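S.K.: First the structure, then my questions, so here it is.
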């Protein structure tokens, strides 16, 4: 396999993964938004309260609305506002899933340098996903 | 916009207005050839009552969604190159996380002031015409080791173009700085990625523009997680904006052939100029 063929194979895998992921995540976001704004699922923070809160900084909002940060939202995922976070998390996870698939391809084709770069990228993303950085930078 | 002036307005007006505004932004972003995120943050940050923390959180996700939606087509058409994107995205990702974390330690007025200055700089960059031809870089052993060369066929002209990227280390430094700025302000960074690829690394403009979208979809993902887990994403802002920009981008793609792109590009530049001045004056406390 020459360089162009290897690039085409890696690109095709990545494109398929990104296309499916983006479609699924955006469909989930639409359904969740309808459930939220229609009142089908009652929100944790009442919609009428939001104009009093959304001009606050993030730190002030978290304290005033008594909402969790980090992965604390999972416990509230059944509420109308927090159910939207499932779609957001899906959307933000697509890249790491596609990179995992690309990593497998690089390893299969014996492209060790790109396998190492893809593995490093996955590690960086997982660090962000872990929430371990949450205490850095204030807020 | 002052909180006291907006509290009397029914809550549902704002997500509805946000949907319409982001729908229009989605249309003009496609026609003017700019990313939705770079329009969203200054415009919504200036004219809506939401705190900049939540606007930046939505902005980073908006740029990510737009780039993810475009990436598959660009990759299939050969106009985005995964091999070119991977090394610079790694550098950009590390610094986008740093930028996102740093943004919460910076006072809001300082962030607004620097965002205003940045938007005015971007407006200036947009007035300059990009170079269709790449400046050929000299030989670069790192580029050779990474296999940063190839060829692509332009679907519009059918012309096959060979390319060789170079100056990888300066490129990595540039993408680190761009990642930091993107993470700091919640912007997509197509306005900076394309010149970095094209003018610095010698990548042809079309491939630079396509690969820039792919880079945004990687670099913005860890930054989005930082904003998300910090708590700066409000569904009432994020969800209508995502829908508005997506639907607007689809409408924009249809209107692309019939709309006067040049005039719309100048209208966008004027709008960005106004939003940049507005957010700068807001940061300086001269227009609250």
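Protein chains in written order, with the working numbering: chain A, 24 to 162; chain B, 4 to 291.
Heads up, the beta-carbon is just placed ideally off N, CA and C, and yes, glycines get one too.
Since the structure is predicted, the reported quantities are computational estimates derived from the model, not experimental observations.
Among 153/B, 287/B, 200/B, 61/B, which one has its Cα closest to the Cα of residue 172/B?
M.R.: Of the candidates 153/B, 287/B, 200/B, 61/B, the one whose C-alpha sits nearest the C-alpha of residue 172/B is 200/B.
S.K.: Could you check whether residue 125/B and residue 15/B sit closer than 8 Å to each other, using their CB atoms as the reference points?
M.R.: No, the pair does not count as a contact, with Cβ atoms beyond the cut-off.
S.K.: Which chain A residues sit within Cβ distance under 7 Å of residue 225/B?
M.R.: Under the 7 Å cutoff, chain A gives 147, 148, 151.
S.K.: Spell out a yes or no on whether the region 140 to 158 of chain B and the region 63 to 77 of chain B are touching, meaning 3 or more CB-CB pairs, one atom from each, closer than 8 Å.
M.R.: The region 140 to 158 of chain B, when compared against the region 63 to 77 of chain B, does not touch it at the 8 Å Cβ threshold.
S.K.: Run through chain A and tell me which residues come within less than 7 Å of residue 228/B, C-beta to C-beta.
M.R.: By Cβ distance, chain A contributes 115, 151, 152.
S.K.: Looking only at its own chain, which residues have a Cβ that is under 7 Å from the Cβ of residue 91/B, when we skip the five neighbours before and after it?
M.R.: Excluding positions up to five away in sequence, the list reads 174, 175, 178, 218.
S.K.: Count the other CB atoms, across all protein chains shown, that sit within 10 Å of the CB of residue 115/A; report buried if there are 16 or more and exposed otherwise.
M.R.: Buried.
S.K.: 8 Å is my cut-off, CB to CB: does residue 86/B come that close to chain A?
M.R.: With 8 Å as the cut-off, residue 86/B counts as an interface residue toward chain A.
S.K.: At least one CB of chain D closer than 8 Å to the CB of residue 267/B: is that the case?
M.R.: Included in the structure are the protein chains A and B, with no chain D among them.
S.K.: Which residue wins for smallest C-alpha separation from residue 100/A, given the options 40/A, 71/A, 58/A?
M.R.: Comparing Cα-Cα distances from residue 100/A to each of 40/A, 71/A, 58/A, the minimum goes to 58/A.
S.K.: Can you find a C-beta in chain A that's less than 8 Å from the C-beta of residue 1/B?
M.R.: The first residue shown for chain B is 4 and the last is 291, placing residue 1/B beyond what the model contains.
S.K.: So, using beta-carbon positions, are residue 140/A and residue 89/B closer together than 8 Å?
M.R.: A contact, by the Cβ cut-off of 8 Å.
S.K.: Which bits of chain A does residue 147/B rub up against, with CB to CB less than 7 Å?
M.R.: What residue 147/B touches in chain A: nothing, since even the nearest Cβ is about 11 Å away.
S.K.: Give, in chain order, every residue of the region 41 to 55 of chain B whose Cβ lies closer than 7 Å to some Cβ of chain A.
M.R.: Answer set for the region 41 to 55 of chain B: 52, 53, 54.
S.K.: Are there 16 or more other CB atoms within 10 angstroms of the CB of residue 281/B, so buried, or fewer, so exposed?
M.R.: Buried, since its Cβ has 16 or more Cβ neighbours within 10 Å.
S.K.: In angstroms with no decimal places, state the Cα-to-Cα distance between residue 59/B and residue 250/B.
M.R.: One C-alpha to the other measures close to 21 Å.
S.K.: Apart from the five residues on each side of it in sequence, which residues of its chain come closer than 7 Å, Cβ to Cβ, to residue 221/B?
M.R.: If we look at residue 221/B and ignore the five residues flanking it on each side, its Cβ neighbours are 88, 92, 96.
S.K.: Which residue's Cα is closest to the Cα of residue 65/B: 32/A, 38/A, 110/A, 98/A?
M.R.: Checked all of 32/A, 38/A, 110/A, 98/A; the closest Cα to residue 65/B is 110/A.
S.K.: Anything in the region 233 to 261 of chain B with a Cβ closer than 8 Å to a Cβ of chain A? List those residues in chain order, please.
M.R.: The region 233 to 261 of chain B vs chain A, Cβ under 8 Å: 233, 234, 235, 236, 237, 238, 239, 240, 241, 242, 243, 245, 246, 249.
S.K.: From this set, 197/B, 33/B, 216/B, 56/B, which residue's C-alpha is nearest residue 261/B's C-alpha?
M.R.: It is 33/B.
S.K.: Which ranges would you report for the alpha helix (DSSP H) in the region 81 to 141 of chain A if only whole runs of at least 4 residues count?
M.R.: Runs of the alpha helix (DSSP H) inside the region 81 to 141 of chain A: 81 to 88, 107 to 131.
S.K.: Would you report the Cα separation of residue 235/B and residue 216/B, rounded to the nearest angstrom?
M.R.: So the alpha carbons of these two residues sit roughly 24 Å apart.
S.K.: Here's the rule: buried if 16 or more other CB atoms are within 10 angstroms of the residue's CB, otherwise exposed. What is residue 214/B?
M.R.: Looking at its Cβ environment, which holds 16 or more other Cβ atoms inside 10 Å, residue 214/B is buried.
S.K.: Please indicate yes or no: does the CB of residue 212/B lie closer than 7 Å to some heavy atom of the ligand MN?
M.R.: Inclusion of the ligand MN in the displayed structure is not the case, the ligand content being empty and no account of it being possible.
S.K.: Taking one C-beta from the region 241 to 250 of chain B and one from the region 42 to 59 of chain A each time, how about it: are there three or more such pairs within less than 8 Å?
M.R.: The region 241 to 250 of chain B vs the region 42 to 59 of chain A: in contact.
S.K.: Whose CA, out of 48/B, 129/B, 106/B, lies closest to the CA of residue 35/B?
M.R.: Cα-wise, what sits closest to residue 35/B is 129/B.
S.K.: What residues are listed by DSSP as bridge partners for residue 166/B?
M.R.: Beta-bridge pairing links residue 166/B to 153/B.
S.K.: With residue 81/B as the anchor, note down where its alpha helix (DSSP H) starts and where it stops.
M.R.: Residue 81/B -> no alpha helix (DSSP H), and no H or E assigned at all.
S.K.: In angstroms, rounded to a whole number, what distance separates the CA positions of residue 125/A and residue 37/A?
M.R.: Cα-Cα distance, rounded: 6 Å.
S.K.: Once you ignore the five residues that flank residue 268/B on each side, which residues in its own chain have a CB closer than 6 Å to its CB?
M.R.: For residue 268/B, where only same-chain residues beyond five positions count, the Cβ hits under 6 Å are 35.
S.K.: Between the region 75 to 86 of chain B and the region 100 to 120 of chain B, do at least 3 Cβ pairs fall closer than 8 Å?
M.R.: Contact between the region 75 to 86 of chain B and the region 100 to 120 of chain B is absent, because fewer than three Cβ pairs lie under 8 Å.
S.K.: Take the Cβ of residue 161/B as the centre, count every other Cβ of all protein chains shown within 10 Å, and call the residue buried at 16 or more, exposed below.
M.R.: When all chains shown are included, residue 161/B counts as exposed.
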